[in-house]
Structure formats: C-alpha cells, structure tokens
Amino acid sequence: MNDKPHLDVEALAELQDVMEDEFDVLIQTYLADSRSRIDGLKEALATADPEHFAKTAHSFKGSCINIGAPRLGGLCFEAEQLGKDATLEQAPAVLERIEAEFSEVAQRLQNFGQEV
Numbered sequence: 017m018n019d020k021p022h023l024d025v026e027a028l029a030e031l032q033d034v035m036e037d038e039f040d041v042l043i044q045t046y047l048a049d050s051r052s053r054i055d056g057l058k059e060a061l062a063t064a065d066p067e068h069f070a071k072t073a074h075s076f077k078g079s080c081i082n083i084g085a086p087r088l089g090g091l092c093f094e095a096e097q098l099g100k101d102a103t104l105e106q107a108p109a110v111l112e113r114i115e116a117e118f119s120e121v122a123q124r125l126q127n128f129g130q131e132v
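Structure, rendered in structure tokens:
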C-alpha cells in the first residue's frame, strides 16, 4: 500500500485545468463528502453491518481515485473487501489507517490549491 503516492499530482493538475474556477469547490466538496463517508464507516462498524461498510468503502474508494488520492483509495479497497467478506475484525485498524491517510490527503489538497 505504501508504494502508492498520497496524491497523484499530475492527475490533480489536469483536473484543475479542466475545472478551472470550480476546482476549489470540487476539493471542498470532496473533503466534506469524505468526512461523511468516514462517519458512515464508523457507523457501519459500530452496528456490525458488513454490507453497509463495504458499500460505503466502495463509494469512498471511487471518489478518492477520481480526485487523485491513490493511497487512500487503496485503503478503501481494503476496507471494502473486509465488508464483502463479512470479516470486520480487522476493520477498526483499517479505518484508523483511512482516517490518518485522509488527514494527510486533506492537508496536501489544501496545500496543492495554494501552490498553483
């Protein structure tokens, strides 16, 4: 998992070129949506609902890949597989890694907008 970058800077730069003035809105929407998805993962874990856990992780994975956060997307894939396999024993540790990586990605995304 560590071989993937936190952010795909080239993909982000292309996205910024396409989105132009709406890029900042896209980033803020992604960040807010991601926080909501993390809350959804926590809720699914608290209620021991592997199906909801898998679906939420799957959706989160897609948005991470689309925004250019491959490492976070990989962690979401890992969480999705745990949910699909209905084996949530390792899910708290994976969720902790997702939260830590999201914090890193959020900081880098905010810095990315300022660097360009």
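Throughout the sequence shown, residue numbering follows my numbering, covering 17 to 132 in sequence.
Idealized CB from N, CA, C, for every residue including glycine.
A quick note: this is a predicted structure, and the numbers were derived from the prediction, not measured.
1) Is the Cβ-Cβ distance between residue 121 and residue 85 less than 8 angstroms?
2) Quick check on residue 105: buried or exposed, where buried means 16 or more other Cβ atoms within 10 Å of its Cβ?
3) Our contact map puts residue 59 next to residue 99 with C-beta atoms below 8 angstroms; I'd like the distance itself, whole angstroms only.
4) Return the CA-CA distance between residue 95 and residue 36, expressed in angstroms with no decimal places.
5) Hey, residue 75 and residue 46: beta-carbon distance below 8 angstroms or not?
6) Closer than 7 angstroms by C-beta to residue 25: which residues in its own chain qualify, once you throw out the five before and the five after it? Chain order, please.
7) May I ask you to report which of helix, strand or coil DSSP gives residue 58?
8) Is residue 107 helix, strand or coil by DSSP?
9) Hey, which unbroken runs of the alpha helix (DSSP H) at 4 residues or more fall wholly within the region 63–93?
10) Can you give me the Cβ contacts of residue 135 inside the same chain, cut-off strictly under 7 angstroms, excluding the 5 residues immediately before and after it?
Straight from the coordinates:
1) Start at 1 with the first residue of the sequence shown, and residue 121 comes out as number 105. Start at 1 with the first residue of the sequence shown, and residue 85 comes out as number 69. Yes, the Cβ-Cβ distance between residue 121 and residue 85 is below 8 angstroms.
2) As a working mapping, residue 105 is identified with position 89 in the sequence shown. So residue 105 ends up on the exposed side.
3) Sequence index remark: in the sequence shown, residue 59 carries index 43 (1-based). Sequence index remark: in the sequence shown, residue 99 carries index 83 (1-based). About 13 angstroms separates the two Cβ atoms, so there is no contact after all.
4) Position 79 of the sequence shown, counted from the start, is the residue given in the question as residue 95. Position 20 of the sequence shown, counted from the start, is the residue given in the question as residue 36. One C-alpha to the other measures close to 33 angstroms.
5) Residue 75 sits at position 59 when you count from the first residue of the sequence shown. Residue 46 sits at position 30 when you count from the first residue of the sequence shown. Contact: no.
6) Mapped onto the sequence shown, residue 25 falls at position 9. Cβ within range, chain order: n/a, list empty.
7) Your numbering for residue 58 matches position 42 in the sequence shown. DSSP, reduced to helix, strand and coil, places residue 58 within a helical segment of the structure shown.
8) Stepping through the sequence shown from its first residue, residue 107 is reached at position 91. Note: residue 107 maps to helix in three-state DSSP.
9) Segments of the alpha helix (DSSP H) lying fully in the region 63–93: 66–83.
10) The question about residue 135 has no answer here: the residues shown for the chain are numbered 17 through 132.
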